[in-house]
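> This structure is in structure tokens; I'll ask about it shortly.
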Amino acid sequence: MTDSILKVEHVSLAFGGVKALTDVSFEVPRGAVFSIIGPNGAGKTSMLNCISGRYRPQAGAIHFDGHDVTRLRPNDRADLGMGRTFQNLALFGHMSVLDNIMVGRHHLMKNNWLTGPLYWFSPAQKEELAHRREVEEIIDFLEISHVRKAVAGNLSYGLRKRVELARAMALKPKMILLDEPMAGMNLEEKEDMARYILDLNEEFGITVVMIEHDMGVVMDISHEVMVLDFGKKLISGDPDVVMADEHVKRAYLGLEDEQLQEAG
Amino acid sequence: MSSLAMRPCGDFRTSYKQDNTIFETGTIRALAVAFIALACSAPWVLDAYYLTLFIQISYLGIAALGLNILVGFTGQISLGHGAFFGFGAFASAWMNTQFNIPVVFCIPLAGFLTMGVGMMFGMPAARIKGLYLAIATLAAQFIIEDFFARAEWFSGGSAGSMAEPVSLFGFAFDTDESFYFIALFALVFMYLWGSNLMRSRDGRAFVAVRDHYLSAEIMGVKLNKYRLLSFGISSFYAGIGGALYAHYLGYVSAEGFTILMSVQFLAMVIIGGLGSVKGTLMGCVFMVLLPEVLEGGVGLMKQTEWGNIPQVVDGLAYLKEMAIGLVIILFLIFEPQGLAHRWQQIKNYWKCYPFAY
Amino acid sequence: MNFELLLQLVINGLIVGLLYGVVGMCFVLVYKSTQIVNFAQGEFLLVGAWVCWALLVYLELPFLVGFLLSLAFMAVFGVALQMIVLRPMIGEPIISVIMVTIGLSIFFQSLVKWIFGVAPANYPPIFETQSVSIFGLNIELAYLLSTVIALFIMVGFYLFFKHSKHGLAMRATAFNQQVAQSLGISVKQVFAMSWGIAATVSATAGVVIGMVNGVSDSLSVMGIKVFPAVILGGLDSIVGAIVGGIIIGVLENLAEFFDSQYFHLGNMYDIAPFYVLLLILWFKPYGLFGTRDIERI
Amino acid sequence: EDAVFVGHLADMSGPTAFVGKQYADGVRDAMAYINQNGGISGTRLEFETIDYAYKVPQAIASYKKWVARKEMVAMQGWGTADTEALIAFAAKDQLPVFSASYSAHLTDPQGLNPKTKKPAPYNFFYGASYSDTCRGLVQWAAEDWKAKGGEGKPKFTHIGANHPYPNAPKAACAEYAEELGFEVMPPVVISMKPGDFKAQCLSLKSSGTDYGYIGNLGSSVLSLVKSCNTVGTEIQFMANIWGGDRQVFEAAGDGIKDYIFPTMTPFWDDPAPGMSLVKAVSRVSDPSGEQRRPHHYIRGVCSVYYMKEAMEWAKANGGITGENIKAGMYARKDWVPAGLEGVCLPATWAADDHRGVSQVNIYKGNYNGGDILIEPVSQMTLERRADWLGF
Amino acid sequence: MTQSAALAQETQTLLAINNIEVVYDDVIQVLRGVSIDVPKGQIVTLLGPNGAGKSTTLKAISGLLKTEDGEVTRGDIHFVGERIDTASPERIVRNGLFQVMEGRRIVEDMTVIENLKLGAYTRRDSEVAADIEMVLDYFPRLRERTGLAGYLSGGEQQMLAIGRALMARPQMILLDEPSMGLSPLLVKEVFGIIEQINREQGITMLLVEQNANYALKVADYGYIMESGKIVLDGTRDELLANEDVKEFYLGGGNEERKSFKNLKSYKRRKRWL
Ligand SMILES: Nc1ncnc2c1ncn2[C@@H]1O[C@H](COP(=O)(O)OP(=O)(O)OP(=O)(O)O)[C@@H](O)[C@H]1O
Ligand SMILES: Nc1ncnc2c1ncn2[C@@H]1O[C@H](COP(=O)(O)OP(=O)(O)OP(=O)(O)O)[C@@H](O)[C@H]1O
Ligand SMILES: [Mg+2]
Ligand SMILES: [Mg+2]
């Protein structure tokens with residue numbers, strides 16, 4: 358059996374009467390690009406929220422990198438190396454792009470409200486600058502250096518998505534959760550984004566769990582795809598196998614056969 | 012937090028250290044240093060009236076910065092800052108008289124004690140948000156005020172408690188001229204401390220919590236810790252400010268630390284600009300000088316023909332109060348983002364002149 | 004235990020609490036449509052009460068005429084205030100707007116003091132009987148009438164928010180002014196309407212309290228007094244404001260009872276509600292009826 | 005030198021303006037009148053009135069401004085908050101402060117009483133302290149109880165806000181009431197802001213209080229009287245010096261009955277010899293002479309005239325300086341400023357005892373359907389007990 | 016639509032944007048002279064990369080710029096002959112121009128039905144209930160959602176936002192990325208609905224889209240915007256035939272679609288934002 362970084366076991370989640378997730382189990386192999394797809398309201402984001410700690414599932418367990426994280430607070434999961442981006446952008450709107458990304462370093466830094474303010478007389482300055490250097494590398498990598506000092510809330514949608522990715526990368530995660538990273542982007546930008554995702558997967562060795570509606574992207578870059586429908590896991594496995602599934606075709610893709618072949 | 016627009020055109024940084032500075036340019040740093048040097052000579056140049064105004068600005072300004080850290084940076088409105096300020100004043104006096112701790116130590120200790128109390132009352136912040144929290148702090152205001160009147164052992168009850176002047180190596184800072192230096196030092200120290208806080212780890216965490224606490228938590232920021240800590244730090248500042256106030260006056264009375272004072276602090280912070288360290292000081296100067304300037308205006312009125320008619324003279328007091336209200340209203344209508352924002356825009360304009368865009 | 008005293012105190016609390024509730028509803032109304040906590044609420048009471056007083060004493064109008072005229076005046080006053088002062092603030096940070104209401108409060112308090120002086124004044128006697136006895140407690144007649152008015156206002160508000168288009172518009176405006184505008188809602192109109200209503204209803208409360216305690220500049224304290232009530236009920240709940248008001252009213256009186264009979268700590272009447280407030284908020288962070296914020300990402 | 009400066013802090017628009025305005029008018033008119041009539045033995049009395057609206061920071065700033073720019077030699081102050089904030093400064097600057105804050109702890113200039121936290125060597129006020137006034141009222145109450153043939157121990161309750169000003173005499177007065185055989189009930193707290201005090205009145209009623217001392221001022225007093233009437237209590241209210249005047253009766257209307265309150269001066273219409281001077285002073289701001297000033301106004305006049313005579317003494321003994329004025333205050337015993345005979349009570353200040361006045365005039369007032377009737381009931385003279393100094 | 020019919024309608028321009036410039040915060044210039052014409056009854060699409068200023072253009076039309084400290088500093092906008100660049104947003108809506116804003120922007124603390132009712136705020140007729148039914152028929156998923164709209168999933172919120180626009184029965188709808196976050200099946204459906212209401216109800220549309228394939232399928236005419244300027248415009252067929260459009264927006268054109276996986280280097284383009 359391959360080494361899996363994330364193990365989700367029989368997770369169920371309901372909001373009042375709405376069953377967002379019902380008994381979902383899956384494993385994400387270390388180093389994989391794992392995609393979750395499914396119709397709107399299927400519970401994809403809810404699944405991500407369970408993994409990153411925003412929601413606490415009513416049943417089931419989640420293991421991450423050998424730890425049982427089911428009951429951990431979200432910030433403790435960050436310490437363990439879990440980063441994420443959000444479907445409805447969740448940047449710190451009034452902070453500069455740089456500071457946004459620096460917040461990602463929070464759990465890696467040590468200076469606090471007593472040593473930080475003594476800036477020049479404590480190790481704080483050195484620490485800040487060291488982390489700044491690493492953050493700049495991420496900024497270069499994602500090509501957002503031109504907006505480094507801009508206020509994040511004023512950026513255009515696509516740029517904000519990229520800053521979110523940078524912020525998540527700054528956490529030095531072992532696994533990164535991406536919620537529709539390419540929504541609202543045109544083809545060209547999707548290509549860039551796909552490139553970034555592949556690079557951070559291949560070069561930095563970060564496991565990627567991604568929700569995405571663009572089938573082209575999903576098919577091309579993921580190692581494994583899972584389909585959720587009405588909170589239940591429909592199928593998972595190799596992208597080609599999943600796409601060929603009748604259920605998936607009808608319930609989700611809405612593609613007729615010829616179109617599907619064309620796309621594949 | 013410097014932004015691109017704040018720098019003069021054509022100023023390029025060559026190292027991250029330069030880029031991280033709290034002074035946007037070398038000129039500004041030089042100006043700041045020069046200003047402090049100049050300020051040191053004030054007691055020989057200015058009379059006690061100006062000095063007392065400055066001293067007021069310093070202790071109120073320190074407390075106001077604390078409130079801005081809470082309201083502006085962490086996004087938690089507090090209506091109880093006046094009470095924390097008072098607590099600091101009593102605490103310092105109490106420690107000094109009760110345990111004979113030298114005043115120089117009492118002041119920071121009072122800060123820490125107030126911090127403890129602030130965190131106690133900040134505890135609801137873990138669960139309560141926004142305006143609900145604001146009203147919870149209003150409860151703190153009234154509870155602490157009541158405590159002052161009740162706790163004879165701590166505050167002296169209705170008789171109040173006395174506070175020794177600050178003394179260092181046998182020298183007592185008991186005149187305006189000498190206390191001025193204490194005030195100046197405290198002001199510069201606390202403001203630098205605040206500026207540095209905001210550009211280091213915990214300061215960023217505060218702002219992150221304000222802007223989007225859900226995602227901040229997922230980014231690894233301990234939400235409750237920072238919510239509480241910002242109450243703590245803000246009360247710490249209030250405590251320091253209050254302690255300075257106590258040792259300047261030499262006497263603390265349970266009167267005066269009312270909701271009005273809390274509101275006044277809030278006004279300083281909002282008029283100065285939420286989330287701006289510089290702005291806080293500007294707002295404080297504004298709020299301290301406003302009644303003085305208006306009083307000056309009233310004084311001038313009194314010297315004219317009108318000054319002999321008591322009805323007019325008595326009306327002036329109300330006019331003055333109304334003017335204070337009106338100035339606040341007009342100011343916010345025209346400058347809702349505060350003085351810091353205007354300052355920024357003026358600078359932007361001149362820095363990039365004539366290339367305004 | 005002195006049950007008679009306890010009973011009387013509870014009744015007293017109920018009735019005073021209802022009045023808190025009425026003032027509280029005005030808070031809620033303004034909050035619901037603008038997200039602004041109106042610190043000038045107390046001054047609305049103050050201005051309304053003095054205007055009515057002036058109409059009755061200087062112009063010697065019959066009570067009902069004077070009362071209705073002052074309500075009309077307050078409606079205009081509220082709308083005008085909104086137009087002159089608060090309209091330019093549309094779209095600005097909420098906290099700045101809240102500060103503006105604090106400025107307004109300072110302004111009107113001085114203005115009223117200037118015009119009407121600092122000494123309290125009495126309304127001319129309006130009812131034949133000043134007070135009636137309920138379970139041995141004498142209650143001012145004005146209070147009893149106010150409870151009836153309060154119930155009417157409350158039902159009106161409730162229906163308004165639940166069923167009218169304008170109620171929806173107010174809620175949308177409060178949620179996000181930009182979104183409301185994009186739906187064709189005139190934010191200005193919504194604001195004017197809510198300030199107008201709030202001023203009018205506050206004035207009613209002001210007149211009632213004025214009749215009972217006399218009119219003086221300290222009427223404005225009511226603005227602060229009802230904060231706990233509003234928060235307890237939930238900032239955006241009309242029903243909550245009434246329930247919160249009653250709870251605070253009864254609580255004050257119970258505190259007085261236990262303090263005077265057993266504890267002798269002093270000042271519990273004023274302070275105990277705040278302790279209870281903290282306690283309740285701890286368990287119900289959005290008050291008893293407030294809607295929780297949607298926390299979703 | 006032909007002019008000296010006196011600063012004047014007043015609250016004419018703030019929370020205590022209800023009486024502050026009238027007191028301030030007295031002070032202001034008196035100073036102006038002195039100037040119009042030869043000043044301090046020829047030296048002009050320059051003064052400035054600042055309405056600080058009971059805000060301490062403004063009081064401090066004004067004080068500093070006067071000391072720095074005007075070489076102030078003495079100050080006429082007002083409330084508890086500002087007076088106390090300025091104690092240390094006044095002592096350091098050796099500048100006598102005459103205020104209307106009658107807290108007893110201001111009367112112990114050398115800290116002789118171990119209870120005194122902070123000696124106030126440069127603070128003076130005209131009138132009996134809050135504690136002494138309350139003691140006087142309690143004395144009267146004891147007599148009244150006997151005269152009425154009351155049975156058993158009468159019950160005494162302190163009523164007032166939990167604030168320094170109403171609280172000032174609380175402990176002292178309770179102690180003395182106990183001494184006189186009262187049963188002292190737990191204090192009842194009513195806020196300084198008016199409101200509905202029916203709950204507190206019910207408490208008072210159920211505790212069976214016979215004599216209630218009111219520590220508050222202004223409109224909260226009215227609210228209390230009204231609420232207690234509605235509830236139907238039979239308490240003999242006794243107000244402090246700020247709690248009883250014509251205004252209170254006018255505003256309270258028919259509800260107010262047999263209301264007891266103290267004064268330190270006669271009333272406007274009383275036939276005291278010194279009243280002609282007071283009336284002349286009043287014409288400074290009211291040329292028509294129609295206004296009938298309340299006793300707070302007259303107390304303000306007295307405050308200024310004691311200062312004036314101390315200044316005259318100072319001028320004759322080395323010049324008008326703060327220190328000399330203070331000495332001037334001690335120079336005479338049982339003195340009344342010239343021209344104010346029968347208006348100001350004979351007062352004595354000593355270097356170790358600033359209890360200037362130890363006499364309390366007690367009056368009773370009724371509304372009587374608009375015809376306000378105020379009659380003297382008694383005059384109490386208090387001992388200068390050592391353990392009462394500063395307490 | 017036949018060529019001649021389109022020509023006939025072109026004379027009837029519903030919305031005309033004439034060389035506008037937009038500045039944010041008094042300093043940040045975003046649009047640098049943009050002109051767009053939308054003929055009555057047509058669907059016009061506006062394509063462009065992130066940050067080009069598409070949303071800004073829409074906000075300039077609907078008057079919502081002012082709420083974001085933005086300002087039209089030059090040029091003018093006419094809707095049905097009336098100048099609207101200075102009009103208030105609510106006035107513009109009353110005139111029949113409705114915007115579906117980017118990022119859903121539904122009223123989170125109201126229910127689905129209340130949100131839909133709000134969409135009909137400016138209407139006075141009594142057919143609101145029937146229209147709600149119509150919208151729920153378009154998006155059956157919404158029917159089951161009885162809680163607060165804030166708890167809807169991203170896609171559900173998007174459906175609600177589009178449905179809300181239909182409730183207003185406007186003359187013209189501005190759609191800002193309607194397909195964002197929708198599943199492939201729904202994207203198809205939404206574009207179907209767009210086409211349908213355009214045809215059946217004659218509602219004119221200005222469509223900002225990233226999904227150029229679909230957008231050009233339904234649109235009659237298209238504009239391409241980059242860095243605040245219109246760099247290309249033409250009829251649907253012209254654009255579909257254009258090589259650059261094919262390469263950058265449609266993905267490969269006639270050749271085999273490139274796999275995302277095999278893009279070896281990033282195209283480095285200089286962008287002036
Ligand atoms: N906090 C919540 N309270 C109530 N219901 C919720 C909550 N969060 C999610 N839901 C419901 O759970 C279901 C799944 O939502 P989720 O956001 O996970 O969908 P999704 O798969 O991400 O869909 P999309 O692709 O549209 O984003 C939806 O029906 C939604 O209404
Ligand atoms: N409120 C604002 N203040 C300042 N600048 C802004 C503001 N809104 C947008 N901008 C800037 O205007 C430019 C255009 O933004 P706009 O949102 O119009 O782009 P867009 O074409 O819609 O992009 P996307 O496809 O990513 O949504 C961006 O560079 C953005 O940073
Ligand atoms: Mg989702
Ligand atoms: Mg956009």
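These protein sequence lines map, in sequence, to chains A, B, C, D and E.
Plus 357 on top of the position in the first sequence (first one is 1) and you've got our numbering.
Plus 11 on top of the position in the second sequence (first one is 1) and you've got our numbering.
Plus 3 on top of the position in the third sequence (first one is 1) and you've got our numbering.
Plus 4 on top of the position in the fourth sequence (first one is 1) and you've got our numbering.
Plus 15 on top of the position in the fifth sequence (first one is 1) and you've got our numbering.
Built from N, CA and C at the ideal position, the CB exists for glycine as well.
Keep in mind that this is a model prediction, so the values were computed, not measured.
#1: Just verifying my parser: in three-state terms, what is the DSSP assignment at D/V10?
#2: Once DSSP output is grouped into helix, strand and coil, what is the label at A/H424?
#3: Residues of chain B with CB closer than 8 angstroms to the CB of C/M102, please, in chain order.
#4: Can you check the region 198-267 of chain D for any beta strand (DSSP E) of at least 3 residues that lies completely inside it and give the ranges in chain order?
#5: Please decide whether E/E114 counts as near chain A, where near means a Cβ-Cβ distance under 8 angstroms.
#6: Can you determine whether any heavy atom of ligand 4 sits closer than 7 angstroms to the C-beta of E/D259, and answer yes or no?
#7: When the Cα of A/D602 is compared with those of A/V508, A/R490, A/M583, which residue comes out closest?
#8: Could you check whether the Cβ of B/Q152 sits closer than 8 angstroms to any Cβ belonging to chain D?
#9: Count the other CB atoms, across all protein chains shown, that sit within 10 Å of the CB of D/L377; report buried if there are 16 or more and exposed otherwise.
#10: Does the beta-carbon of E/T71, which I'm using as the reference point, lie nearer than 7 angstroms to any heavy atom of ligand 2?
#11: Which term fits D/T234, buried or exposed, when burial requires 16 or more other beta carbons within 10 angstroms of its beta carbon?
#12: What whole-angstrom Cβ distance do C/W56 and C/A124 have, given they're in contact under 8 angstroms?
#13: Just to confirm my understanding: we take B/E156, look at its own chain, exclude 5 residues before and 5 after, and list those with CB closer than 6 angstroms. What are they?
#14: Where do the ends of the alpha helix (DSSP H) carrying D/I329 lie?
#15: Listed from N- to C-terminal order along the chain, which residues in the region 433-454 of chain A have their beta-carbon within a distance smaller than 7 angstroms of any beta-carbon of chain C?
#16: Express the C-alpha separation of C/L49 and D/L13 in angstroms, rounding to a whole number.
#17: If you compare alpha carbons, which of E/E171, E/T60, E/R214, E/N33 is closest to E/G249?
#18: State the Cα-Cα distance for the pair D/S362 and B/S178, rounded to the nearest angstrom.
#19: Should B/G286 be listed as close to ligand 3, given that the test is whether its C-beta is under 7 angstroms from any heavy atom?
#20: Using alpha carbons as the reference points, say which of C/L238, C/Y61, C/T207 lies closest to B/L9.
#21: Would C/T150 count as contacting chain E if we go by Cβ distances under 8 angstroms?
#22: Is it true that the region 382-395 of chain A meets the region 358-373 of chain A, where meeting means three or more beta-carbon pairs spaced less than 8 angstroms apart?
#23: For a cutoff of 8 angstroms on Cβ pairs, would you count E/E36 as touching chain A?
#24: How long is the line joining the alpha carbons of D/K3 and C/V253, rounded to whole angstroms?
#25: Looking at A/R441 and A/A525, is the spacing between their C-beta atoms short of 8 angstroms?
#26: DSSP on E/E105, reduced to helix/strand/coil?
#27: From B/M12 to B/A219, what distance separates their C-alpha atoms?
Taking the geometry as given:
#1: What you label residue 10 of chain D is simply residue 6 of the fourth sequence in a count that begins at 1. Three-state result, D/V10: strand.
#2: Reading the first sequence from its first residue, position 67 is the one you call residue 424 of chain A. Reduced to three states, the DSSP call for A/H424 is strand.
#3: Taking the third sequence and counting its residues from 1, one reaches residue 102 of chain C at position 99. Per Cβ cutoff of 8 angstroms: L277, A278, I281, I282, I339, L343.
#4: 215-218, 240-243, 263-267
#5: On the fifth sequence, position 99 is the one that residue 114 of chain E refers to. Reading off the sequence shown, one finds Gln at residue 114 of chain E, where the question assumed Glu. It does not: the Cβ of E/Q114 has no partner Cβ on chain A nearer than 8 angstroms.
#6: Against the fifth sequence, residue 259 of chain E aligns to sequence position 244. No, since every heavy atom of ligand 4 falls outside the 7 angstroms radius drawn around the Cβ of E/D259.
#7: Within the first sequence, numbered from 1, the residue matching residue 602 of chain A stands at position 245. Nearest of A/V508, A/R490, A/M583 to A/D602, Cα basis: A/M583.
#8: Within the second sequence, the letter at position 141 stands for residue 152 of chain B. Not an interface residue.
#9: Translated into the one-based positions of the fourth sequence, residue 377 of chain D becomes position 373. Per the 10 Å Cβ criterion, exposed.
#10: In the fifth sequence, residue 71 of chain E corresponds to position 56, counting from 1. True, at least one ligand heavy atom lies under 7 angstroms from that Cβ.
#11: Looking up residue 234 of chain D in the fourth sequence gives position 230. With 16 or more other Cβ atoms within 10 Å, it is buried.
#12: Mapped onto the third sequence, residue 56 of chain C falls at position 53. Mapped onto the third sequence, residue 124 of chain C falls at position 121. 6 angstroms between Cβ atoms; contact.
#13: Mapped onto the second sequence, residue 156 of chain B falls at position 145. These residues qualify, in order along the chain: A94.
#14: Position 325 of the fourth sequence, counting from 1, holds the residue named residue 329 of chain D. 326-334 is the span of the alpha helix (DSSP H), which, as asked, contains D/I329.
#15: F443, N445, A447
#16: Walking along the fourth sequence from the start, residue 13 of chain D turns up at place 9. Walking along the third sequence from the start, residue 49 of chain C turns up at place 46. Their Cα atoms are separated by approximately 28 angstroms.
#17: By 1-based counting over the fifth sequence, the position of residue 249 of chain E is 234. Nearest C-alpha to E/G249: E/T60.
#18: Residue 362 of chain D sits at position 358 when you count from the first residue of the fourth sequence. Residue 178 of chain B sits at position 167 when you count from the first residue of the second sequence. Spanning the two alpha carbons is a distance of roughly 40 angstroms.
#19: Here the question's residue 286 of chain B lines up with position 275 in the second sequence. No, ligand 3 has no heavy atom inside 7 angstroms of this Cβ.
#20: Since the first and last residues shown for chain B are 12 and 368, residue 9 of chain B lies out of range.
#21: Within the third sequence, residue 150 of chain C is the residue found at index 147, counting from 1. No, no contact with chain E.
#22: yes
#23: Counting from one through the fifth sequence, the residue named residue 36 of chain E turns up at place 21. Chain A contact via Cβ: absent.
#24: A question about residue 3 of chain D goes unanswered here, because the residues of chain D that appear run from 5 up to 395.
#25: Numbered from its first residue, the first sequence carries residue 525 of chain A at position 168. Numbered from its first residue, the first sequence carries residue 441 of chain A at position 84. Yes, the pair counts as a contact, with Cβ atoms nearer than the cut-off.
#26: To locate residue 105 of chain E, count along the fifth sequence from 1; it is residue 90. E/E105 falls in the helix class under three-state DSSP.
#27: In the second sequence, counting from the first residue as 1, residue 12 of chain B sits at position 1. In the second sequence, counting from the first residue as 1, residue 219 of chain B sits at position 208. Only weak support exists for where B/M12 lies, its pLDDT of 37 falling under 50; the value from the coordinates is given anyway. Whole-angstrom Cα-Cα distance: 13 angstroms.
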